[in-house]
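> Just dropping this structure here.
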């Protein structure tokens, strides 16, 4: 059989291109990548493209394959980025493609928002703008373009006004010719006008049906992420096209489940699903792939919202633990934030420009910043690791094999721990994420009554609580008691609740943890999590929670085994998965997901609804809990209480409990939990329960993966469980695709009502309970007061804890660093700190982004007190460390005073100073970070002209400092910040000094480690600093610049000399040794700029004004 080719239409050419493919193997994503390579479109922006069936509003999902006779296709930008004009900087070829696609759509009247009757003047204006663009771009005479005006004016305009538009075209083009605009500017203006006319350009609409109150209704469903007032997914009835109803925003999508008949369930964060049906699978997949693409490009780049509509390349990256094309700046920042640049940690990422190249950013021993190495994938899937530190070009079959080859902690490259991508990475891949910073309007307490406040827990008057006598239960750990109670909400309305409080003898010891638990649970809004109604205060603190008559799930399963069906268990699994996801989204680790921690809310023939309770007061894990604890926590079981991945493992074991109807896991000999640990560490797992389907058991095993980073994520668990429930069991709905409220959600605080005839037991007031004697019993955590008469059964004999398993945990977990693992979520109690800068501004402190000798640098947000005054602004905040000595405070004060006096385009701007509660310097935030890191990251794309421009900026900044009689004393690439690809600024004035009448400054007793490699001989020998010593440092910095961030190495240093490093360096310099020219540094740059800075006699060194002239001349020659 001959080669097969697809015909694909491009907006750049009237003729389709032929793309080779293999039937039933090549995917739509493969085709997009092939075309992007042909058009020189990079790996970052290729994700906004898609393939559309020609002549139809139907796109192919990424994983779609092709038959031997496929339909012709259109290659289009499908996903509109948040800032279209940022595309020009990200990828100019993608930007040009977007322009031509938009231009074609305007000409062919294919943008629904542009209605001819309302926009005819604007359409003519767009046409004339396009004509002017062609004149500039192709250098075509005006007369020629005018004669071909029909190519540029939309058809609808020509059809109606062909004889009236020639004159305005001629006159307007004549005026435009007199301007000095270039083609790029004209393109931008064209797109700005289009954005005004059609802000929803690239939104998509589909026809579907919904069931409303038993009636089938035809609807139009529209995905419009950039609607000015209601962005997201919305629908209208076909009979009422002007009445749109918002379904949810893109961010509020949880997952999507589908069936083969075209029925679809959109799960939303508020817990209420939306059901609809499409009349064909092709339209269904087109719609879901649209939602999925926007979700990935807006919220979580690593996650597909529908199991059936996946991204093939994403699965490959997941297997490799590889990030997408996030760029080096993001990678370096993540290594700093998550691991503090600890040696051996590294990140693998795709190249932003080349499709078969990867980069490994490695934290090197005794190095402040990571180092980047190239990893190239060759035919056959092998990887070539370019280690220029050891001249290694070895081929490796996988990342794991590469890691095994670099396990020596003392080697130049050490690969111990690979940081995988996270769902919560806010990376450059989120091209559709809004960049707009919105401030909060300060309001007055008097207007709170008019605001629709969110439903939150309340402080409950203890007089409104009634407690049932003798109906109390002791918590599993014996620290808390739970009482069945009544809460009188208002007159005539009360509700049954569970009241949880600490036992008297534990109150003082655990009250802080008890309140912390309340703080975690208070703001969770999920139909799958037990609700905290409020807190009652008296001599004790009580949590008032939902009450469940049916009790805990483990007891319920044992006593109702005959009535609980397989589909019930799968529905319950979906509820627990939803609870786990909500906890993760709120940065909460449960730490004790068990069957006994799940309460049964509703069980009837159509539903089985359960809810996850709080974990209770944390105590040490018992040996019997080893089955719920993952192997990476075996060296310290307490790691499980702060790890999401541990919760995922526990979820799988809980699922196993459920499908065994609450049976206990068979005990091992003499409670030998170490033997059980070895059993799990050897790769063995609990066997498949008889009633459990292979799909559910497969999901359990994915949650029990040895590698915590490869375990299924909570959102993916929720998606896959619900897909099984929806596709296999038809979602158990009474009607096929419409359901708004579930029984469990039918109660709300505004409508609680309990018939008093149901309450026959005697009750007492809460106040009377406090001083009574508590009766303890060995029962589950809370709520069900029914006795369980069934005895626990032992699990079948499939499980045997083989004593031959003698795995050493110390070797199994050698590559896991759990004390600082990325799986540990930040504490709920970590709050953002706000400082008042002055009467008009506040500074909101965020995460740390760097650290120096005496201070830490944080990212922050400068906000107007009244947000109507302007948008928030990112800032950098330098704070003095609490441990700093008084001399450091003096240095910091001096740095502040110096920076307050400076204002120059090549020096970082100071915005203000905070004096309370600790002294802090608020500076402008420079997005690209240090020049040292920037050079390492972008060394393959930087040109000599760019490097010279950086050199010029630094020289100009240093010349300005000279006019202010300021000596910097710490000029190095690490202290230069990059504004953009053509602009840098000098920062870090921690060592700077103002010189007096003398032209130098003498340092007598330095109180810190000094950057001696950058120091002139007179500084090393005599402690003498001046503008001329800064010029020496400038030369060393230029060596760094042209060596792409690598520190220069001085030849002929006598390393055998028994003396401090400072004296060894000084001796070599005084003998005439100088740093050699970097390998890629042009000779003229080294001769004219760098080497003259290192004259032994300070007065023979060129001044910065001279260097500026030299650099300007060199730039004109390159």
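Residue numbers (the working numbering): 5 to 1122.
For each residue, glycine too, the CB sits at the ideal point set by N, CA and C.
With a cut-off of 8 Å, do at least 3 Cβ pairs link the stretch 30–48 to the stretch 87–97?
Segments in contact, yes.
> The alpha helix (DSSP H) spanning residue 39 covers which residue range?
32–42 is the span of the alpha helix (DSSP H), which, as asked, contains residue 39.
> Just verifying my parser: in three-state terms, what is the DSSP assignment at residue 962?
It is helical.
> By the DSSP assignment, the beta strand (DSSP E) with residue 488 in it spans what residues?
Per DSSP, residue 488 belongs to the beta strand (DSSP E) from 484–494.
> Keeping to the same chain, check which residues put their C-beta closer than 6 Å to that of residue 726; ignore five residues upstream and five downstream.
Here the set comprises 261, 578.
> Which term fits residue 463, buried or exposed, when burial requires 16 or more other beta carbons within 10 angstroms of its beta carbon?
Per the 10 Å Cβ criterion, exposed.
> Excluding sequence positions up to five away, which residues of its chain have a Cβ less than 6 Å from the Cβ of residue 476?
The residues are 485, 487.
> Specify, as a first and last residue, the run of the beta strand (DSSP E) that residue 860 falls within.
From DSSP, the beta strand (DSSP E) with residue 860 extends over 859–868.
> Alpha carbons only, please: which of 1049, 642, 1043 is nearest the one belonging to residue 1081?
Comparing Cα positions, the closest option is 1043.
> Taking just the CA atoms, how far does residue 188 sit from residue 708?
Each residue's alpha carbon lies about 54 Å from the other.
> I'd like to check one pair, residue 419 with residue 366: are the Cβ atoms closer than 8 Å?
Yes, they are a contact pair.
> Using only alpha-carbon positions, find the residue among 1087, 1064, 654, 1098 that is nearest to residue 1076.
It is 1098.
> So what does residue 643 bridge to, in DSSP terms?
Answer is none; residue 643 lacks a bridge partner.
> According to DSSP, which residues form a beta bridge with residue 102?
Beta-bridge pairing links residue 102 to no other residue.
> Given residue 826, which residues of its chain have a CB within under 7 Å of its CB, disregarding the five upstream and five downstream residues?
The pLDDT assigned to residue 826 is 40, lower than 50, so where the model puts this residue is not dependable; a value taken from the coordinates is nonetheless given after this. For residue 826, where only same-chain residues beyond five positions count, the Cβ hits under 7 Å are 342, 423, 426.
> Considering Cα atoms alone, identify which of 687, 693, 504, 652 is closest to residue 715.
Among 687, 693, 504, 652, the Cα nearest to that of residue 715 is on 652.
> Can you tell me where the alpha helix (DSSP H) holding residue 88 begins and where it ends?
Taken as a continuous stretch (DSSP letters only), residue 88 belongs to no alpha helix (DSSP H), as it is neither H nor E.
> What are the complete beta strand (DSSP E) segments, minimum 3 residues, inside the stretch 115–197?
Counting whole runs of 3 or more residues, the stretch 115–197 contains no beta strand (DSSP E) stretch at all.
> Check whether the stretch 611–620 and the stretch 571–587 are in contact - that is, three or more C-beta pairs closer than 8 Å.
Short answer: they touch.
> Below 8 Å, can you find three or more Cβ-Cβ pairs linking the stretch 935–955 to the stretch 997–1007?
Touching, no.
> Which term fits residue 392, buried or exposed, when burial requires 16 or more other beta carbons within 10 angstroms of its beta carbon?
The residue in question, residue 392, is exposed, as its Cβ has fewer than 16 Cβ neighbours within 10 Å.
> Please return the same chain residues whose Cβ sits closer than 6 Å to the Cβ of residue 550, not counting the five positions on each side in sequence.
These residues qualify, in order along the chain: 534, 535.
> Pairs of beta-carbons, one from the stretch 137–157 and one from the stretch 174–187, closer than 8 Å: are there three or more?
The stretch 137–157, when compared against the stretch 174–187, does touch it at the 8 Å Cβ threshold.
> If you count every other CB in all the chains shown that lies within 10 Å of the CB of residue 713, and 16 or more means buried, which is it?
Buried: at least 16 other Cβ atoms inside 10 Å.
> Residue range of the alpha helix (DSSP H) that residue 581 falls in?
It spans 570–589 - the alpha helix (DSSP H) in which residue 581 sits, taken as one unbroken run.
> Quick one: residues in its chain with C-beta nearer than 7 Å to the C-beta of residue 154, no 5 flanking neighbours on either side, listed in chain order?
Excluding positions up to five away in sequence, the list reads 162.
> Taking the Cβ atom as the reference point for each residue, do residue 254 and residue 229 lie within a distance shorter than 8 Å?
Contact flag set, yes.
> Which value, in whole angstroms, describes the spacing of the CA atoms of residue 57 and residue 1116?
Looking at the two C-alpha atoms, the distance is approximately 54 Å.
> Taking a contact to mean a Cβ-Cβ separation below 8 Å, would you say residue 316 touches residue 354 in this structure?
Result no, Cβ atoms of residue 316 and residue 354 do not sit closer than 8 Å.
> Hey, is residue 580 close to the ligand ATP, as in C-beta under 7 Å from one of its heavy atoms?
This structure lacks the ligand ATP, and indeed carries no ligand of any kind.
> Mapping DSSP to helix, strand and coil, what is residue 425?
In the structure shown, residue 425 sits in coil (DSSP, three-state: anything other than H, G, I, E or B).
> So residue 363 and residue 332 are in contact, right, with Cβ under 8 Å, and what is the actual spacing, rounded?
Right, the Cβ-Cβ distance comes to about 7 Å (below 8 Å), so this counts as a contact.
> Below 8 Å, can you find three or more Cβ-Cβ pairs linking the stretch 68–79 to the stretch 298–305?
These segments do not touch.
> In chain order, what residues of the same chain have a beta carbon less than 7 Å from the beta carbon of residue 693, not counting five sequence neighbours either side?
Contacts found: 660, 663, 664.
> Roughly how many whole angstroms lie between the Cα atoms of residue 545 and residue 611?
Approximately 35 Å between the Cα atoms of the pair.
> Give the DSSP bridge partners of residue 611, in chain order.
DSSP output for residue 611 lists 608 as bridge partner(s).
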